[in-house]
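Just remember that our numbering sits 43 ahead of the position in the sequence shown, which is counted from 1. What follows is a short report on a single structure.
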Amino acid sequence: MARSSQAIVARTRQQANPVLSCIRSTLVEFVADDTLSADFLAGPDTAVLFISLRFQRVHPEYLDRRIQGLGEWRNRILLCRVDVEQPEEALEQVTLAAFHGKLSLLLAWTDAEEAAAYIETLHRYQSKGAEALMGRLNQDHHARHLEVLTTIKGINKTDAAALSTCFGSFAGVAKASSEDLQRCSGIGDKKVRQLSNVFHKPFFPR
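Shown next, in the form of structure tokens:
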């Protein structure tokens, strides 16, 4: 739809969605539900499906059906509002659906304002490359290597430096066996288990 370059296009059924009342800096236009496979268009090539975890719990079959009917778009986005106290089970279902459906998953953890900000940002950057959405990266490869390692639970900067020294690269750490990790100064059994889980345990349960 050509007009999606000037406005966020939404299905009529989304009129009651509180997220739309939080969109203030971009025009929103509504179209008949049967003319749009997505819930929103944030640009001619960016289709957005919306789901809340509360709705997912009540209608677990809904999301798979919507993904199957989405069709081909250059950018396929699943925007999920995390609006339940214990989201783990429903969030796992949504994550798996996005993964298998080849959609990029965006999570709004706070409120409708955050979800609206995602939609407006996607629309604002519709004609820009991915680098426009990314923060400025540290160009020091070693520093980035250490930064990534410290995102692993229980691994501090000292541990990251020791691992870097022992294995020389991030790939070296990732490929290291438990026995190799134990030989690294300061890396005890608990940290070895954590590292092994991160690098060798399947991301999705089989």
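Note that beta-carbon positions come from the ideal geometry of N, C-alpha and C, so glycine has one too. Since the structure is predicted, the reported quantities are computational estimates derived from the model, not experimental observations.
Can you have a look at residue i and say buried or exposed, based on whether 16 or more other CB atoms are within 10 angstroms of its CB?
i           : result
residue 186 : exposed
residue 99  : buried
residue 217 : exposed
residue 202 : buried
residue 56  : exposed
Could you please give the first and the last residue of the uninterrupted alpha helix (DSSP H) stretch that includes residue i?
i           : result
residue 209 : 200–210
residue 186 : 184–192
residue 165 : 155–167
residue 226 : No alpha helix (DSSP H) contains residue 226, which DSSP labels as neither H nor E.
For residue i, which option in the options has the closest C-alpha, if you only look at C-alpha atoms?
i           : options           : result
residue 79  : 189, 122, 53, 158 : 53
residue 159 : 233, 94, 139      : 94
residue 58  : 82, 136, 231      : 82
residue 109 : 140, 217, 188     : 140
residue 90  : 67, 213, 47, 106  : 47
residue 228 : 208, 102, 133     : 208
Let's see if you can read the secondary structure: which residues bound the beta strand (DSSP E) around residue i?
i          : result
residue 72 : 71–74
residue 89 : 89–95
residue 51 : 51–54
Are any of the Cβ atoms in chain B nearer than 8 Å to that of residue i?
i           : result
residue 236 : Structure shown: chain B not included; a single protein chain is present.
Return the chain-ordered list of same chain residues with a C-beta closer than 6 Å to the C-beta of residue i, the five sequence neighbours on each side being excluded.
i           : result
residue 241 : 195
My assumption, with CB atoms under 8 Å, is that residue i sits in contact with residue j. Please give the rounded CB distance.
i           : j           : result
residue 210 : residue 219 : 6 Å
residue 165 : residue 85  : 4 Å
Excluding the 5 residues preceding and the 5 following residue i in the sequence, name in chain order all residues of the same chain whose CB lies nearer than 8 Å to its CB.
i          : result
residue 61 : 155
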